[in-house]
Every structure is written in C-alpha cells, then in structure tokens.
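These protein sequence lines are chains B and U, in that order.
Here our numbering runs 80 ahead of the position in the first sequence, where the first position is 1.
Here our numbering runs 16 ahead of the position in the second sequence, where the first position is 1.
Virtual Cβ for every residue (Gly too), placed ideally from N, Cα, C.
Below is one structure, written out as structure tokens, with a few remarks after it.
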Amino acid sequence: MPDKRQVTIDGNEAAAYVALRVNEVAAIYPITPSSTMGELLDEWTAAGKTNIWGTVPLVQEMQSEAGAAGTVHGALQRGALTTTFTASQGLLLMIPNMYKIAGELTATVFHVAARSVAAQALSIFGDQSDVMAVRATGFALLASSNVQEVMDFALIAQAATLESRVPFLHFFDGFRTSHEINKIEQLSDDQIRAMIDDDLVLAHRRRALTPDDPVIRGTAQNPDVFFQAREAVNPFYERCPGIVAKAMEKFQKLTGRSYRLFDYYGPPDARRLVVIIGSGAQAVQDTVDTLNEAGEKVGLLKVRLYRPFSAEHFLNAIPGSVRKIAVLDRTKEPGSIGEPLYLDVVNVIYESRQEGHFRELPAVIGGRYGLSSKEFTPAMIKGVFDELKKEQPRNHFTIGIDDDLTHTSLPYDPEFTIESASGVRAIFYGLGADGTVSANKSSIKIIGENTGNYVQGYFVYDSKKSGSMTVSHLRFGPKPIHSTYLVTRANFVGCHQFMFLESHDVLEKLDEGGIFLLNAPYGKDEVWDRIPQHVQRTIIGKKLQFYVIDAYQVAHKSGMQGRINTIMQTCFFAISGILPREEAIQAIKTMIEKAYGKKGEEVVRMNYEAVDHTLAHLHKVDYPQKVTSNILRKPVVPARAPEFVQTVTAPMMACRGDELPVSALPADGTYPVGTAKWEKRNIAQDIPVWDPQVCIQCGKCVAVCPHSVIRTKIYAHGLLKEAPSAFLSIPCKDKEFGGQNYTIQVAPEDCTGCGICVDVCPAKNKTETRLKAINMTPQAPVLEQEKANWEFFESLPDIDRRLVKHSSIRGIQSLQPLFEFSGACAACGETPYIKLATQLFGDRMIVANATGCSSIYGGNLPTTPWTKNKDGRGPAWSNSLFEDNAEFGLGFSVALTKQKQYALELLRKLELDVGSALVREIADARQTDEAEIFEQRERVELLKAKIVKNKSAEARHLLSLADTLVKKSVWIIGGDGWAYDIGFGGLDHVLANGADVNILVLDTEVYSNTGGQMSKATPRAAVAKFAAAGKKVGKKDLARMAMTYEHVYVANVALGAKDEHTLKAFIEAERYEGPSLIIAYSHCIAHGIDMTAGMQIQKEAVMCGYWPLFRYNPQLLKEGKNPMVLDSPEPKFPFKDYAYKQNRFKMLVKTDPEEAKRLIRLAQDDVLRRWQTYRAMADAGPGVPASGQPTKN
Amino acid sequence: MDLTTTYLGMKLKNPLVASASPLSESVENIVKLEDKGIAAVVMHSLFEEQLVREARELDRHLVSGTESYAESLSYFPEPREFVVGPEEYLDHIRKAKQRVKVPLIASLNGCSSGGWTKYARNLQEAGADALELNIYFLATRADVAGADIEEEYLRILKSVKENVRIPVAVKMNPFFSSLAHMARRLDQAGADALVLFNRFYQPDIDLETLDVVPNIILSTPQAMRLPMRWIAILHGRLKADLAATGGIHTAEDVLKMLMAGADATMLCSTLLRNGLDHIGVILEGMERWMQEHEYTCVRQMQGSMSQKSCADPAAFERANYMKALQTYRKSF
C-alpha cells in the first residue's frame, strides 16, 4: 500500500531526505544554492538519523569542492555508498574527479542545485551552465523539474547508478526548485528500501580496494591500449537508459508516479513542440494546456535523462505529427553553433531521417532562456510557440530579454497570463529583519498540512545583507501548482513595510477587487492621507479591500522586538479566509509551539500574545473615492547622478533591471566605481548625531563605522559662510590644525543605524552621562536637516594627505575612505578594515577580492562601495574566483613588477628626451610616505608631459606604463573560508614566493556569506553549520604557519581591541617589501552577538588571550632583532567569559551541555597554549640575521 | 558537645548552613562542604528572569539576519531541541542529592506568577529537601504602595505553599516599614522559616568610565548587626524558624546569632574568603567557647539573648541609638 504522507518542503530538503537514507558517507562543501543539502545532512546525522540500513551516515566537510570530490572518489573506491552536493564553480572543481569516477564505473549520485557559472560576473542564481559543463565527464545527467521529482529522482538515480555502474548527476534548477517550497508526497523508508537492491550494494562494496584481496586501479596507460580501454565502457552506457527506464517503471508500481526518460505532454497530433530540461517544463506544461484549450496543437517534451542520451527513447516519445520543434537551453555557449540540448536534438532528428519516424523531418530551432534565474513565464513560452508558427522561425534566439544588440530576442506579449483564477495568489513585501519570509513559510506549512490545498512558496531577496527587501510569492489552490514563475496576478498583497509604498509599485500585480494589507504606523482613519498619491489612485481604481494594522505596536506590546511575522501572518489568515478564523489561529499557535517550543516557553508565550493582540488592531479602511494625498514617488536617483547611473544603475535599483536591453550593459563586466552613494537606502530608524561640546575629536567613531557614513573634516573657518544653519562645527583641537575648524558629519540616508560608533565613543557628557559625543537619534525628524548638512560637508575640501599624521587613528580620521555605503550587514566587522586600507592606500590600491561576503558587498550590482577621490584615483577592484584569489593577486603583482621594470628600461632609453636628472630622480625615488609618493606623481606627470608628443614606439609604450612608476599597493582580500580552506594552497604559494603583496584575511571564523559553515578558522567549542555538534578541534594557526617562512610580515589585529595597533600593522605591512599577511578579527552576525557591541567583543577576545595581538616583522630579523612583537597583555579572564556572550558557543550549552563543558575546557587549553607559544617567541633572544651571524637584540 | 539544631523541620548536625552562593554551582564543592562539616546547603538561586532572558536571547540570535539574503538564509544549524528552562539546574540538584546526605535547600527567584509555583514543584520533584524563596522586589516605582508589595510577597508565598509539600523559607529584606508586622504576616501565611536578610545588589560608579558597574562586595562582620537585632526582636514571637545570614564570619558571630535566636546560621563570604576549611575552624571555635563557658548544647543558648529573654529589651530598640552615639562621642 503506497504511503501517502504529504510534506511541505523545498527541493534541497527533498534531495537531502533521500541522500541521507541511501548513503553511508557524504563529503561536502558549501556553495549556494546547494549548501542546504549538506547542512541538513550534518544536522540530521548530528541528531542520530540513520539510513535505510540503520546506521548514521558520516558527513565530512572538506576544504573545497575539489577536496570533496577527491574524498568522494576515495570513499567510493573503498566501497562506501557516497554522495556530495554542489553547484556552479563547485561542480567545475569536481570535474577532474568526475572523469575518474565515471572512468572507473563507480556508482554514486551527486545532487546539484544548478547555478550559473561565473563569466562576465558571478551569479548565485539558477541556470544549467554548470551541468552542461560536465556533460563530457561520463556522468549520467538526470533532471528534476519540481520538488516532487527531486525526491523521486534522487531515489531513481541511486537505484540506476547501482545497477548501471554509471555515476549520476541528479540536478534541479537552483533557487527555482532548490528553494521553492511545495507540498509533495514523501517517500517512505519501505519504498526507498524496495528501490535499492542490496545485492547491488554488496556488489559495489565488493569492488572496493582491500589489502585482503588487492588490485590496482588508476594506472597510467600508453598509446597501445588507452583508446581501446576507453571504449570498453560502451556497454555500460548503452545499458544505462534502459536501466533508468526500468527503475522508473518500478518506481511507478511503488508510488503511482509515472516518469519516462523523455516525457511527452500534449495531444497525440501536436504540430509544434518545445523541448526543455528542468523547472521551465512546468510552466510550459500549463501553457500548453491553455494554448490547446484555445485550439492550438502544441506539445512539450520534458527531458529527464539527458546523458546518456537515448535517441530511441527520445524519438519514441515525440508524436510523428510534429512539424516544428523549439529546443530551449538554460545555458549559453558563446561561439558554438547552438546550445547543447539544441545540438543534440538536431542531431537526433537528422540521424532519424532513415528511420521514417516523422512523416516529414521537422524544423528545429534553438534558443536560450532563463539565465541566472531570469523569469520564464507563460507569456515567453507563448512567444516561442508563436514563433514556431512562422514560416521561417528565428533560430538561435533568446526569450525573456530585449536583445537590441544582435537582435536574437523573440517578441512576446508580457500581458499574456494563465494565472489560475481559483485559489489564493499572494505577494508579500517585507524587510529581511521583520520576519515576513518566516511567516510565509509558516503559512505555507499550515495550509499544506491543514487543508487539501496544494501550496507553493517562492522568495525573492535583494542583493544587500542589511535592510534588504524580500518579496514572497505564495500560491494555494485545489490543483497541483506548476507555476515556476513569480505570481503574475495576485488577489492578496501584503506590504509589511510602509516605506515601500514610496519606492516600489507594490500594487502593480494586484487584481481588481483584491485585498491589500498594509502595516503602517497610522490608524484606520489617518492612514489614507499618509499614503502616496499613486497608491491612493490604484486603491480607488482597482476597488481594493484595504486593511491596515500597526504591527510594530503589537510587536512591541508582545516583546517581539521588531519581529512582526506572527502578527502579519495572523492578519493574512484573518482576512484571506483560506481557513476559518478560529481554526487558523489554532493552527498558527500549533505552528508556533512546533517552531519555538524548543527555545522555551517564553518565546512561545511572546508569539501567542502577539497573535492574541493582533485582531483587535487589524482594521478595514473605509477610504474616500478621491485622491487626497500630496505625497509623490521620489526619483530613484537625483538628476545630477552620472549618465550610467541614471540609465543603467537606477532601473536596477528600482527593481526594473529586467527591462534593460542588452546594449545597455557592459559586455565585459566592467562597471564604474563610486555608485553606492547614489543608492540612498534610508534604512536606519536612528542615526548618530554629533555633540561638538562633548567630543574629544579622537576619530574612533570614524574608524569603526562599517559603512563609512560617519566622517570628519578639518577645514578653514571661512568656509562656513555657506554652511546650512544647522551645520555643526568647532575649532580643531589638534595643534597642527590650529585655527581650523572640525566637523563630524553623518550621511543620514546611508547610515544603517547600527550604533557601533556610539558604542565605542569614549567621551561622555559630564552632566548627563548617558549621553556621549555622538548619540542615536530618530532619523525621520532630522533627515532633511542632516541631508543638507551632509551635502555641505561633501563640498568642503579634503585634507592635504601630506599634512596628516598617519601613525594615529586621530590623525587619519579625516582621510577620505574610498569604500563607502556598502550593503554589508549593519555593524559588519569586516568592512572597517577595508575602509582603513582605502583611507591609507586607496589612491594607489589594486585589489584582488576572493568570493565571499566582501565580494558581495563589494561588487554585487546594482552598485559598488568602491569609489575614487576628486583626482579620479581610487582602488581598482576585481574578483576572480573563491579558490584562486591569492594567485589572482599575485598576477597583479608580477604584472606590475614587469611593467615597472619595462617602464624603467624605456625611461633610460629615452633619457635624451626626458633629461638625465628626471630619469634619475624617478628611478631612484623613495616612495615610503605620502609626501614622497606625491612627489613621484609630480615627476611622472612631468615625464608624461615631456613624452606625450613623442611618436616613437618607446615613448608610446612608456606613456602607457608611466603610472606604474608611482608605487602601487597590491591587496589580496578575502575571508577565512578562502584563506584557511579553499585558497590556502595558493595563499601558501604566494607567501612562499616573496612578492610584495598585502594579504588581508577578514577572519569571521566561518563561511559567513553562505550562512555560517565551519571553516578551519572556526574555534573549538563553537557551533557552526557542518559542526552542529560543536567543533572538536582547535582553530588553525595561520599566522604561525606563515611565520615559518621567516620572510612574511604577519600581524594579528583586532580593531575593537586596539585600533592604533591595527593601524600600525597596516602601515608596516604595506611598507614591507615582501608578502604581508594581516589576520583581522572580524565579528560577524554568524557569531550570534549583539552586533552593536561587536568592538567590545573584539576587545574581550584579546583580553582573554584568545586573539593575541602581535606583529612579526622580518625587517627586524634582517636587523638581527627578534621579529616577533607581542602587543597584548596576558590573559585577564577565562575564555568562557568571552565565549558565552556569543550564541555560537552558548548554543552548544543549550544542545549538549556535557560536550560543551568538555570542549570549552579544551578551548581554554588552546588559548593558553597558544598564548605561551607566542609569549615564548616574543621573549626569545636575538635572531639570526641574513648573514647567518647572531646579533644582539 | 551537642551542636544540633532544628531548621525547617530538619534536624541539622550543627547550625552552620552554606547560604546561596557560587560555591553550590559545582557538585564537587557541595561534597566538599559536607566533608568539611556543613550541616545543610542552600543552592545558588534559580532565576526565572535569567531563564526567560536566555530563551529570548537564543531566539533573537537564531533569527537575527535570517531570511534576508539569498545565500545566507540562516546562520546556525537548527537542532532538534535545546536544553532551555530549569532542566540544567534540576539536574544539578538530582546529581548533588546522590552525592551528599546533608539537606539541600533549593533557592528560587521567580518573576512571573506561574513561574514561582511551577519551578517550586520542579525543585521539589528534583529532590530538594526544602525551598528558600528569594523574593526580590526593589520597590522603585513611586506609584506602587508598600502595602501592594507586601501583598505580592504573601501571594507568592501562599501559592508556593499550596503547590509543594516540602518546607518553605522566605528570604526577607529589611526594607519594610514594619518589619515585625511583615514577618508575622509571612509567618501566618505559612512560612516555615524566615531568612534575615537578603542583600540587594549594590551597584557602584566607575569614575574613569562613568559607568554604573556591578560590584559585589563580600560581607564584613559589621553586617551581622542588622540581622542579629531583628532575630533577637522576632525570636519567640513567630512559629517560623529564623535563619541568620550576612556578616557571620567567626565562631563568635555564630554564637551571638544563636543567642539572639537563630535556628540556623548561614555562611557565605567567609567561606569564599577563607576557604572551606574555615567551617572546621568555626565549629572548633564554637565547641571551645561552649566548653570554656560550660554550655552542653546549642539549644541552651538559642534565643537566650533575644529581646524576650535578655535583661535589657530596650537595648534592641531605638533608644539605644542615642546611647550608642553618646558612647561614640566619649571616645574622642
């Protein structure tokens, strides 16, 4: 009897559910959007969940996908049932092993949430360019197109791989399927067991390497036999499609769900056909129904098993009536004659001409769609079918974009929709922090589990980590939901943040007569006049049912601290009527108990209270039938913004990037800097406001501000004549700037309101000690005033860099940061370090940035925080990959070295034209401080002026390289995931190489960007993803490893503990003519801390001895001195006093108290042992200089 | 020499009870306390407020930053269950009970109406021999009358008494307008003992940072005067036992408290300062003094210097204030 247990889950969970049950080992590494699969396996195995043979699988995190693939290969060779999960670049890193695994006919299933491969830019979103890049490896490629299929095919793949011995790559579209929540039938253990033949498992194990019956595998073969041996696998590939088909038949008997290698959908006499792989097939299926109901003859062929490609099964699936075929590929192969599926189909059709399958050979066209999760809608699908009607349909087309460059795009009517009129189609606009998505996920589960309705939830997030907008798309209805695209027509819209009304058209998709629920800080009688004009007009025009609630007031009453999830969820159920009100409230409470019960009664009570308070505050608005508001939508960017920002960046900022044509976008991925300042996000509730009378002008607030929104300037008093009346200014306290004025100013629209500046401010108001020199104040009342102040502040001249004392935080505070207003988390611990580097060296920096948080807040469109100064100079920045960043940066360095060398050679050749004195001055220039660099720039400008009119080859080359004669500063920046794990091999090589590069490791001790997975930087006793049971071993001591080379400058810094030490380390590192490594403690949201107090936690990390501050300077070694200088005191208190202020450590106490005690003791030992080691190094006697003779210290 | 006494209906081998302190946070320390001669141990307090705060913080940190950015929809693994609530504390009592024979008195500081009774039952089930209610209202609100505060104390006591069968002591503070009256009301409401007195946390000011800072100061011998006076006044007027806490550092201090009328004397600061061997020092000192002064048992002296029994009852009252001041002047 088939088990019909229904669950509401996403695609990743569906795959992981099966993977856990049919494997013994998983080797994993995080990469979006597949990370969740590995995380779930880690959590489930930590909780003791077993596979179908009753044993808990072993989960092994690796240092990279290449490492994971190697471990998978090894485990398979030892006969363990082994899997892995990956995507995109991760899959590409597995390719070498995939060839080996397939070449050795090894049964395994890799589960892939298919994602774009980085080309002109990285994209975390879904397409099949990664999967298509591995089609030559010999892996079978099996595609799922919805969440149900993910679970089903995960099992079918496992059954088929064991029988065929061909390894399988089971894939589904990243985000669209991996993250879509849907109601599916869950496979039972009995069904899984019935599909897996234990004899095949034993056969797999028998092929294992064992010294008890030794063989060798992985030989080197020669021209005589390699070719023949390669052909020996043919029978396995020939049998494979049949084995998959057989497994699908068996599966149907067990579950009732029927699949074929190629599933045809449509009438038997279809004339036009779309062939497609993956989630897009769902939308095509619904469109086919609609078009056929209108009398058309169209069909769909879903490709399930793409490799090995069975021409026979393909042809058998297609009706002979088909005359025209459009093949849709979700990938791009520049320079090819067509994309892979298209080429395969053309080939099969061509080869079929002898067999007479078709009455006449159909025409085949191919096109691209949906790259990087680009929407793929019924409107577009209809566009493709319409194109097929033409006598000469456009081949090699694109659909869904406007290609005004090479004119590949097909036209379509965007208004065409097949959105079902039945059921609920809802869109919710929320902020990341307000809990909107959680509430919707909960609602989906409630409806999925308490009603007969089918459900679907899909969530769209923006590119910022703080203050980001989320849009939830929910569908509920009596029929299975195949709509693999965003809700195109809604009958319910919830706007959970009042401010979105001005910046977004939230009612655009709402049907006439639909329900509009607004969270507003106004009552039902006041709200109408507070909403913008265009919103009023739409409400009246569409005759909307308008409801309002002040959810934040209810949240405050219930102690929910800004989380309005359960409140808005209650409103949704109360208004939508999808469940009887009382029943819905009971279901919400049951869900609350289920979700929060484990966190304690208090959390449950709070949420219950919120539910109970909600209905009394929810009101229907009786609005007038006329527009009364004077509030208008603001322009996205001001008119003075540069043209590129106006035409390209602004539409992206306004969520209208889909409308940009191909010609608008740079072809090579090159974008202007300095664009973040145009994106006024206004996300702070409170901003810091300066009190000049209390301020001691120390500059600490400027140093710690993660978003560079708090700035100082020192300027002539006379400039204040033009100042706005509210502009604050006071005489500068520094002697060097005597007679000049000083101002601290905040950029009010760019501030995130994190409060970290106020937290570190050391100056207290003498009469009211709760106040400091800067104080958080509600933004709204001071916004206009502070905007005017900021504008004036920006117009004040920047300080002459030569006059600034670079050795103190106080001194450098007024140096312009060339990294500003990033989308990093509020109170981010990484960005202050980057900002500091740009203040010091920004006008001559070139940055190689590893993939991770810093590449996202640094380079995720629409804008970038990297910027330039008034002279047009600033950091040049690029991100290559995750794993190769050190090598990438070394590339900058070797190129610069060579270019400078060549420039000097040319300079000498042109000595007669340039003049000997200038040549000598340029060649011999010291460039160790701002003044010297300034002078060199002047000389190089003079040189350029002298040769600009010289048309000789030497002069032209020298002109193009002259700027390399001014010192450049190569920075290699990345997180611990890169430096300690995936990029360590390269990092080590670059350190060993001796090149003059500066490596900044922003050490958050986890993979922050992908959601906090363990790295080798994670401390012992901390909980992280992939270390759900607490990390058992200590943090890798990267600094000490680097010191072993003895020519690497190494510093361990923590800005919050000793800012001047950080500054000193940055300056020394940059000045050192060799590799420098700065390891910077970066507090992180993944630590589970109060981020506002991040700098205090840094201080405690140092004071307890966990994070000793030191500098290892090989320059001292050359001078015969001890290179190691320890800059922090003996541990002052136990490690646990620091650790247990952070959820990452505390969590283990709450899940496994005994283990927490054991690990925290060991972690304390780690701290003391490391401290003693560094102490001993610092206390050691004189070093041995380069000459080999010991010298006195 | 008979040092036995009766407190909360339990016969104690001597009057020395370890009061609630960090010492009882480790089972090993509780075993040591027993080995060194302590007669009963009051466990460190179970603070409901702390449990509530921890649950809230756990929730906050687990959801903070989640569902905001597509690559990091959460930052922590999602365990099946957490050990939240009093389980760890209860487990601690269970473990300690298995290791020692001396009575263990659980200490409870609730903050919600349901919390007091629920946790009291939990503590009883975990094996606590008695319960000490650490009722701790710092009456800072000007709109709340003293009478309301008193009623709240009584309400808590009654509800706990209705829910447990083990004896219940109330740790009082001295800031009632009529302490004797309040003591009588608690007595009438069923308190099996009154513990005099609770010391409120006294914050300090850091002159450098201009912060109000926690600054726990261990008690000095002078602190015992306050409880000693009130024990002397209350002795013999209540059914409830009286325990003295605060400032008891030496054998002499213990003897004075017993004479004032204490049924038990609680030690804390002196053990933290002098180590657990100091228990033996105090016991020896008591025996030596009793021998020298020909006392055979503690009961002989208990209450002998109380207001009821002493020669000069007025010495414990206000008049004495004037006299003391005059004495003070004379010394100059």
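Determine whether the beta carbon atoms of residue i and residue j lie at a separation below 8 Å.
i        : j        : result
B:Arg387 : B:Arg215 : yes
B:Thr217 : B:Ala182 : yes
B:Thr457 : B:His476 : no
B:Ser788 : B:Pro897 : yes
B:Leu235 : B:Leu280 : no
Counting C-beta neighbours from all protein chains within 10 Å, is the total for residue i 16 or more, i.e. buried, or is it exposed?
i         : result
B:Leu976  : buried
B:Arg1250 : buried
B:Gly51   : Absent from the structure is residue 51 of chain B, since the part of chain B shown begins at 81 and ends at 1273.
B:Phe1213 : exposed
B:Val1274 : Residue numbering for chain B in the displayed model covers 81 to 1273; residue 1274 of chain B lies beyond these limits and cannot be assessed.
U:Val160  : exposed
B:Gly415  : exposed
B:Lys679  : buried
B:Leu221  : buried
With 8 Å as the threshold, decide whether the Cβ of residue i is near any Cβ in chain U.
i         : result
B:Glu874  : no
B:Val517  : yes
B:Thr1271 : Unreliable placement is indicated for B:Thr1271, whose pLDDT of 44 sits below 50; the coordinate value is still reported in the next sentence. So no, B:Thr1271 is outside the interface.
B:Gly737  : no
B:Thr112  : yes
B:Lys1138 : no
B:Arg245  : no
B:Lys1112 : no
B:Cys1184 : no
B:Tyr109  : no
B:Glu440  : no
B:Cys905  : yes
B:Ala513  : yes
B:Asn180  : A small correction: the amino acid at residue 180 of chain B is Lys; Asn does not occupy that position in the sequence shown. No, because no Cβ of chain U sits closer than 8 Å to the Cβ of B:Lys180.
B:Ala928  : no
Any C-beta of chain B sitting closer than 8 Å to the C-beta of residue i?
i        : result
U:Pro93  : yes
U:Phe192 : no
U:Phe98  : yes
U:Arg76  : yes
U:Ser40  : no
U:Arg72  : yes
U:Glu87  : yes
Which whole-angstrom value is the C-beta distance of residue i and residue j, which I expect to be below 8 Å?
i        : j        : result
B:Ser114 : B:Thr186 : 21 Å between Cβ atoms; not a contact.
B:Ile526 : B:Ala654 : About 13 Å separates the two Cβ atoms, so there is no contact after all.
B:Gly954 : B:Pro945 : The Cβ separation is near 11 Å, so there is no contact.
B:Thr564 : B:Ala240 : B:Thr564 to B:Ala240, Cβ: 25 Å. No contact.
Let me know the alpha helix (DSSP H) ranges lying completely inside the region 371–421 of chain B, each 4 residues or longer, listed in chain order. The DSSP assignment places complete alpha helix (DSSP H) segments of no fewer than 4 residues inside the region 371–421 of chain B at 391–397, in order along the chain.
Ignoring anything shorter than 3 residues or poking outside the region 47–94 of chain U, list the beta strand (DSSP E) runs there in chain order. If one requires a minimum length of 3 residues, the beta strand (DSSP E) runs lying completely within the region 47–94 of chain U are 56–63, in chain order.
Whole beta strand (DSSP E) elements within the region 902–938 of chain B, 3-residue minimum: Here the runs fully enclosed are 925–929.
What are the start and end residues of each continuous beta strand (DSSP E) run of 3 or more residues lying completely inside the region 513–588 of chain B, in chain order? Secondary structure in the region 513–588 of chain B: the beta strand (DSSP E) runs of 3 residues or longer, each lying completely within the stretch, are 534–541, 549–557, 570–575 in chain order.
Which runs of the alpha helix (DSSP H) fall wholly inside the region 754–807 of chain B and span at least 4 residues, in chain order? Taking only runs of at least 4 residues, the alpha helix (DSSP H) segments lying wholly in the region 754–807 of chain B are 780–784.
Of all the alpha helix (DSSP H) runs that stay within the bounds of the region 211–266 of chain U, which reach a length of 4 or more residues? Look at the region 211–266 of chain U and you find these whole runs of alpha helix (DSSP H), each 4 residues long or longer: 241–250.
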